[in-house]
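The structure under discussion appears below in the form of structure tokens.
Residue numbers (this note's numbering), protein chains in the order written: chain A, 2 to 398; chain B, 2 to 398.
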């Protein structure tokens, strides 16, 4: 009675352990959530102000493609900050970045078609691909190379007649890796040579460290007929609950298909679009500080990892994640144990087991994602508890 | 390069004519929008207040299934107003009623499976079914019987091995028909006897006129393992732009599948869930008045229709729509003409051509949906313009 998709769509590996965390909280344990990309950075007051100032008699449907004001500020954002030429009618507002990825896959992948994605990758791509009926073909990357892409001759053999698109995420969730200009070029060239779509999830666009330049696949002007961007205000404005994302697509056929999918869900939430517009207008007032704060946290986490026996990662380059190799056989078992059986002073630390970020069976079993979304003191305490936890776990298992 | 679904998903027949209306507005024409279910009734102030009073530092992700407060007030709403026994964990908050219908279809219909829907039906079911890959098999109803259901022996032959579900909407968009207790029973019995799901879109639940009792398919206690409700706050609280809907499902397997689909889109918008909670808590303060107002408008529209030569409809029973037979061959051509070539004192009236509400090719070509979502004076003026328009159109075409 339940459809095949209904039976097989996977739980989010990030969300599925939440009940264990809830149980721990019921026992009075404070859980440091390094498992989920939910920042503790305050949402800019200007966003809340616009929401409070929403003054219309009727909270009515908006346009399918989003309100003109938001589409205009997003086009200005790209044109001013990245010297691009994006028109408002190339901006489609979605209900969160997840809908942006969903619509892009749905518009280009028939059931059974394949999309190449570097792994480890954002786990919800699995759920979205499953809903679309598409198959994710992973481009495996390694922690030992900082999760950078393998050379072209390792990627091209993965392309089959069924391959329709490449989807990449940079700066990357879950790895924190920022693609180099050369890597971006390589993907664009592969897409061109094999007639593939190239979709880039750039929700962490500004989150780059150590003097790296924030960039976008939209810079590849001669390939914009096959490139589309999935984006969101969730991380950029610390507004995950706003559910405002967007697609940038210059390809008219693609935009038109997205538009028709969008009609079936009428419109994205109205009020948050006003909030997001304010966010973009005042972005220079808080994005640089926020990125500096994340870079500092990155330093803290990376330093703590270096101090811990048996943990390994290369220095994360952007976003606010890193994938670490743990000295355990099964990181999910360890994460469960940390929630069920471990505490220090009524506190414990929750990570996201990395196997959920891999499509290749068995990969990442000894890895976990750390989201450094807490302020320095909490982060240090959480890492101290993690260190103790690993020690105790390995001496009792 | 565009997927089959991307090429074939239909435009919303309601939204596709918007550009013509926009053009008319650019020419300085005021357009009376009787084409779209966007009420002019003020959103209750209590909803805006809760939105303004949202005081959290971070606009963060909420739970996949919605915030506990909203799930609790919705369960109370059913239990208090309809003497039901709905638990909060049988309530799944969606991003609009459209997502509720989408998740229900996705969870129960494999590609190629069939869903029976009385036609004319809410046109977005087409888009949603197309995204799911399901086939809509229409149960044709007639304007001459007020769009009530045909007898059981006309419905059962439509059921094949591929049929997985029946989807009905009562009070109905686009027809304004309210299913009788007997009709509801018949559908429940058909679902039971043929092992089908029975999904009811009840977003207009309270919108019933002439002393009819507001009801729900949830009343059929012995069939609740196969019944699920799609609902929304859009019309009930005049909050279409909030994008808050919900599913009620007692079937655990179905709820679990919906939960996993939900994880792929993380959560519904956070702030509006607080607004919706307030709406439910204070519902008795405005729903009865609102329904009375719609009943009055129904009287106005119905009276105007009776006065007009060649128009036909039976008295609408609920929701805020009616489908009328127009004295024209092609109502879409007429609607386009009204927007492009007709005006009285710089005003025109827009209807929704009804063919988009039928799955059967050629049906409804001389019908149109009127949404009586405007206040009395506007409604009378809009109907007067419509009358003139029909006269002029028929004398020039």
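Note that the Cβ used here is the ideal one computed from N, Cα and C, for glycine as well.
(message) Quick check: what's the CA-CA separation for residue 82/B versus residue 294/B?
(response) One-based indexing of the second chain puts residue 82/B at position 81. One-based indexing of the second chain puts residue 294/B at position 293. Roughly 20 Å separates the two Cα atoms.
(message) Is the beta carbon of residue 127/A closer than 9 Å to that of residue 360/A?
(response) Translated into positions along the first chain, residue 360/A becomes position 359. Translated into positions along the first chain, residue 127/A becomes position 126. Result yes, Cβ atoms of residue 360/A and residue 127/A sit closer than 9 Å.
(request) Specify whether the region 365-372 of chain B and the region 315-331 of chain B touch according to this definition: at least 3 beta carbon pairs, one from each stretch, less than 8 Å apart. (result) yes
(message) Which of the three DSSP states is assigned to residue 221/B in this structure?
(response) Working through the second chain from its first residue, we reach residue 221/B at position 220. Residue 221/B falls in the coil class under three-state DSSP.
(request) With residue 63/B as the anchor, note down where its beta strand (DSSP E) starts and where it stops. (result) In the second chain, counting from the first residue as 1, residue 63/B sits at position 62. It is not in any beta strand (DSSP E) - residue 63/B carries neither H nor E in the DSSP assignment.
(message) For chain A, check one thing: does any of its Cβ atoms lie closer than 9 Å to the Cβ of residue 108/B?
(response) Against the second chain, residue 108/B aligns to sequence position 107. Answer yes: the Cβ-Cβ gap between residue 108/B and chain A drops below 9 Å somewhere.
(request) Evaluate residue 274/A with the Cβ neighbour count: other Cβ atoms within 10 Å of its Cβ, from every protein chain shown; 16 or more gives buried, anything less gives exposed. (result) Position 273 of the first chain, counted from the start, is the residue given in the question as residue 274/A. When all chains shown are included, residue 274/A counts as buried.
(request) Tell me whether residue 322/A sits in a helix, a strand or coil according to DSSP, three-state version. (result) Taking the first residue of the first chain as 1, we reach residue 322/A at position 321. DSSP places residue 322/A in strand when its eight states are reduced to three.
(message) Let's test the definition: count the other Cβ atoms within 10 Å of the Cβ of residue 80/A and tell me whether it reaches 16, buried, or not, exposed.
(response) Locating residue 80/A in the first chain gives position 79, counting from the first residue. Exposed is the call here.
(request) Return the chain-ordered ranges of every alpha helix (DSSP H) run that is complete within the region 7-89 of chain A and spans a minimum of 4 residues. (result) Annotation note: the region 7-89 of chain A contains the following uninterrupted alpha helix (DSSP H) runs of length 4 or greater, listed N- to C-terminal: 19-27, 46-53 and 69-83.
(request) Hey, could you find the ends of the beta strand (DSSP E) residue 133/B is sitting in? (result) In the second chain, residue 133/B corresponds to position 132, counting from 1. Segment 125-133 is the alpha helix (DSSP H) holding residue 133/B; no beta strand (DSSP E) there.
(request) Check each residue of the region 53-70 of chain B: if its Cβ is closer than 7 Å to any Cβ of chain A, include it; give the result in chain order. (result) 53, 58, 59, 60, 61, 62, 63 and 65
(request) Note down, in chain order, each residue of its chain lying with its Cβ closer than 6 Å to the Cβ of residue 336/A, except the 5 sequence neighbours on either side. (result) Numbered from its first residue, the first chain carries residue 336/A at position 335. Closer than 6 Å at the Cβ level, and outside the excluded window around residue 336/A, lie 352 and 354.
(request) Report buried or exposed for residue 200/A, applying the criterion of at least 16 other Cβ atoms within 10 angstroms of its Cβ. (result) By 1-based counting over the first chain, the position of residue 200/A is 199. It is buried - the Cβ of residue 200/A has at least 16 other Cβ atoms within 10 Å.
(request) Could you work out which residue in 22/B, 97/B and 46/B is closest to residue 271/B when comparing CA atoms only? (result) Numbered from 1 along the second chain, position 270 holds the residue referred to as residue 271/B. Nearest of 22/B, 97/B and 46/B to residue 271/B, Cα basis: 97/B.
(request) Compute the Euclidean distance between the alpha carbons of residue 197/B and residue 95/B, then round it to the nearest angstrom. (result) Position 196 of the second chain, counted from the start, is the residue given in the question as residue 197/B. Position 94 of the second chain, counted from the start, is the residue given in the question as residue 95/B. The straight-line gap separating the alpha-carbon atoms of residue 197/B and residue 95/B is approximately 23 Å.
(request) Note down the Cα distance separating residue 55/A from residue 25/B, rounded to an integer number of angstroms. (result) For the purposes of this step, residue 55/A is taken as residue 54 along the first chain, with counting starting at 1. For the purposes of this step, residue 25/B is taken as residue 24 along the second chain, with counting starting at 1. Rounded to the nearest whole angstrom, the C-alpha separation of residue 55/A and residue 25/B is 27 Å.
(message) Which residues of the region 108-128 of chain A have a Cβ closer than 7 Å to any Cβ of chain B? Give them in chain order.
(response) 108, 109, 110, 111, 112, 125 and 128
(request) Identify, in the order they occur along the chain, each residue of the same chain with its Cβ nearer than 7 Å to the Cβ of residue 107/B, setting aside the five sequence neighbours on each side. (result) Working through the second chain from its first residue, we reach residue 107/B at position 106. Once the five neighbours on either side are set aside, the close Cβ partners of residue 107/B are 133 and 262.
(request) Quick one: list the residues of chain B neighbouring residue 268/A, beta-carbon separation under 9 Å, in chain order. (result) Translated into the one-based positions of the first chain, residue 268/A becomes position 267. 97, 241, 242 and 244, listed in chain order.
(request) Count the other C-beta atoms from every protein chain shown that fall within 10 angstroms of the C-beta of residue 182/B, then say buried if there are 16 or more, exposed otherwise. (result) Position 181 of the second chain holds residue 182/B. The residue in question, residue 182/B, is exposed, as its Cβ has fewer than 16 Cβ neighbours within 10 Å.
(message) If the cut-off is 8 Å on Cβ atoms, which residues from the region 174-199 of chain B count as contacting chain A, listed in chain order?
(response) 196 and 198
(request) Would you be able to state if there are at least three C-beta pairs under 8 Å between the region 41-49 of chain B and the region 230-245 of chain B? (result) Note that the region 230-245 of chain B touches the region 41-49 of chain B; at least 3 beta-carbon pairs, one per stretch, sit closer than 8 Å.
(request) Please list the residues of the region 78-95 of chain A that have a C-beta atom closer than 7 Å to any C-beta atom in chain B, keeping them in chain order. (result) Correct list: empty, as no residue qualifies.
(request) Step through the CB atoms of chain B and report whether any lies within less than 9 Å of the CB of residue 237/A. (result) In the first chain, residue 237/A corresponds to position 236, counting from 1. With 9 Å as the cut-off, residue 237/A does not count as an interface residue toward chain B.
(request) Flag residue 51/A as yes if its beta-carbon sits less than 9 Å from any beta-carbon of chain B, otherwise no. (result) Residue numbering aside, residue 51/A sits at position 50 when the first chain is read from its first letter. So no, residue 51/A is outside the interface.
(request) Using 10 angstroms around the beta-carbon of residue 16/A, count the other beta-carbons present and answer buried if the total reaches 16, otherwise exposed. (result) Taking the first residue of the first chain as position 1, residue 16/A is located at position 15. Classification of residue 16/A: buried, given that the 10 Å Cβ count is 16 or more.
(request) Using only the heavy atoms of the ligand COA, determine whether one of them is closer than 8 Å to the beta carbon of residue 59/A. (result) Although the ligand COA was asked about, the structure shown includes no ligands whatsoever.
(request) Can you pull the chain A residues whose beta carbon is under 7 Å from the beta carbon of residue 254/B, in chain order? (result) In the second chain, residue 254/B corresponds to position 253, counting from 1. At a C-beta separation below 7 Å, residue 254/B has these neighbours in chain A: 3.
(request) List in chain order: all unbroken alpha helix (DSSP H) runs of 4+ residues lying wholly within the region 164-201 of chain A. (result) Complete alpha helix (DSSP H) runs here, min 4: 182-194.
(message) Buried or exposed, going by whether 16 or more other CB atoms sit within 10 Å of the CB of residue 232/A?
(response) Reading the first chain from its first residue, position 231 is the one you call residue 232/A. Residue 232/A should be labelled buried.
(request) Output, in sequence order along the chain, the residues in the region 154-174 of chain B whose CB is closer than 8 Å to any CB in chain A. (result) 165
(request) Name, please, each residue of chain B whose Cβ falls closer than 8 Å to the Cβ of residue 369/A. (result) Indexing the first chain from 1 puts residue 369/A at position 368. Result: empty, since nearest Cβ-Cβ is about 19 Å, beyond 8 Å.
(request) Could you please give the first and the last residue of the uninterrupted beta strand (DSSP E) stretch that includes residue 215/B? (result) The residue labelled residue 215/B in the question sits at position 214 within the second chain. Note, residue 215/B: premise wrong, no beta strand (DSSP E); not H, not E.
(message) Along the region 12-41 of chain B, where does the CB come closer than 9 Å to a CB of chain A? Name the residues.
(response) Result list: 12, 13, 15, 16, 17, 19, 37, 38, 39, 40 and 41.
(request) Starting from residue 261/A, follow the beta strand (DSSP E) in both directions and report where the run begins and ends. (result) As a first step, residue 261/A must be located in the first chain, where it is residue number 260. No beta strand (DSSP E) contains residue 261/A, which is instead part of the alpha helix (DSSP H) from 253-264.
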